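These notes concern the structure reproduced below.
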Amino acid sequence: MIEFRRVTKTYSEGTTAVSEFDLVVPSHQTTVLVGSSGCGKTTLLRMVNRMVEPTSGSVEIDGEDVANEPPVQLRRRIGYVMQNAGLLPHLTVAENVATVPRLNGVPRRDARRRALELMELVGLETAMADRYPSQLSGGQQQRVGVARGLAADPNILLMDEPFGAVDPIVRAELQQELIRLQRELGKTVIFVTHDIDEAFLLGDEVVILAQGARKLQVGTPNEIISAPANDFVAAFIGADRGKRQLWISEAPNGRVLVDAEGRIHGTLAEDGQ
Ligand SMILES: Nc1ncnc2c1ncn2[C@@H]1O[C@H](COP(=O)(O)OP(=O)(O)OP(=O)(O)O)[C@@H](O)[C@H]1O
Ligand SMILES: [Mg+2]
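Using the working numbering, the first residue of the sequence shown is number 3, and each one after it goes up by one.
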């Protein structure tokens, strides 16, 4: 469990990116933070692995304040998938995936074997292992980013708009892969996006944020869609636009998101029950 306790972050030039934010993030499920640009999503994520230090308040993992753990150690046990994959251009795909295991002292051969396994897990051909990031498509780079985030087998995975930079078809594929992976792995995932459809598709729980990381609503997709907390949330999720009304329907192989015309938008992640 990850807990934010009255967390505030004011950057040095005066912007308060996050103001008195409280949230409990349950283990072994996906919590999605969704909100428009600049509302503080990345700041929230980075306070979990201490890439950003809160001005006040605390972030706890299983009851332990992360401030008590050296940042380097913390980052080696928390997977972090950066926006636009964040790959190191001078390292091959396999070397990128194996970065954290190598830092953790895993011998080169074992780290490479693990990297190849992870490439398979995220749907990348292992023949690409010795290519450089610039020799991959955007979608392939994003998969490498996910593989790298999983490399140290972390219990916690932070994902910052990991599918933002690809076309809608590849994006849909990556989303389905993540749903499949998460069914298999059951990590504690915090996923950041500004796309409400992606939030409803991937989130067991969705947190809708306004500027300053002010929480507008927290709930399962079903709860938010069936009872938006206010007009702003209703507008944000598109509930006021007839053609975009979404609801969740039970289908033979799981829960699906359906629009007003009966078009299926995707499969929902299992909520672990
Ligand atoms: N290092 C920094 N120094 C000063 N201000 C910052 C810094 N990082 C972020 N901010 C400011 O804090 C606010 C929140 O930024 P943050 O990056 O957390 O937003 P975000 O929700 O991730 O946005 P986006 O969707 O565009 O990625 C913004 O106003 C931003 O300009
Ligand atoms: Mg951001």
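Beta carbons are placed, not taken as given, at the ideal position from N, Cα and C, and that holds for glycine. Values in this document were obtained by computation on a predicted structure and should not be read as measured data.
DSSP three-state label for residue i, please.
i, result
"F23", "strand"
"T17", "coil"
"K189", "coil"
"F165", "coil"
"R287", "As shown, the chain starts at 3 and ends at 275. That puts residue 287 outside it, with no answer to give."
"T322", "Outside the displayed range of the chain (3 to 275) lies residue 322, so it cannot be described from this structure."
"A87", "coil"
"Q275", "With a pLDDT of only 39 at Q275, under the threshold of 50, the placement of this residue in the model should not be trusted; the figure read from the coordinates follows. Q275: coil per DSSP, three-state reduction."
"D112", "helix"
"A253", "strand"
"E55", "coil"
"A100", "coil"
Identify the continuous alpha helix (DSSP H) that holds residue i and give its terminal residues.
i, result
"F202", "I198 to L204"
"G151", "G140 to L152"
"L159", "Careful: L159 lies outside any alpha helix (DSSP H), inside the beta strand (DSSP E) at I158 to D162."
"E276", "Summary: the structure shown does not reach residue 276, with the chain confined to residues 3 through 275, and so no result is reported for it."
By how many angstroms is the C-alpha of residue j removed from the C-alpha of residue i?
i, j, result
"L35", "R77", "20 Å"
"V258", "G151", "27 Å"
"K245", "D199", "Its pLDDT being 45, under 50, K245 is placed unreliably in this model, and the value from its coordinates should be taken loosely. Near 14 Å, if we compare the C-alpha coordinates of D199 and K245."
"I192", "L160", "5 Å"
"H196", "E163", "8 Å"
"E225", "A113", "43 Å"
"S60", "V148", "27 Å"
"P91", "T222", "38 Å"
"V9", "T128", "42 Å"
"N86", "Q142", "11 Å"
"L281", "Q144", "The displayed coordinates of the chain run from 3 to 275. Any statement about residue 281 would go beyond what the structure contains."
"M130", "L120", "12 Å"
"S182", "E15", "For the sequence presented, residue 182 should be read as Arg rather than Ser. So the alpha carbons of these two residues sit roughly 42 Å apart."
"F238", "R115", "44 Å"
"P170", "P72", "39 Å"
"R111", "G166", "33 Å"
"T18", "V54", "13 Å"
Assuming residue i contacts residue j under a Cβ cut-off of 8 Å, what Cβ separation, rounded to an integer in Å, is found between them?
i, j, result
"V99", "V27", "So it is not a contact: roughly 26 Å between Cβ atoms."
"V194", "L47", "6 Å"
"C210", "V235", "In the sequence as presented, Cys is not what sits at residue 210; that position holds Ile. Correct: roughly 6 Å between the Cβ atoms."
"G205", "T32", "6 Å"
"G40", "Q213", "7 Å"
"V20", "G42", "5 Å"
At what residues does the beta strand (DSSP E) containing residue i begin and finish?
i, result
"L218", "R216 to G221"
Name, in chain order, the residues that DSSP records as bridge partners for residue i.
i, result
"I266", "V260"
"L60", "The displayed chain sequence assigns Ser, not Leu, to residue 60. Paired residues: R7."
"E207", "T33"
"G81", "L159"
"V194", "L35 and D162"
"T12", "T18"
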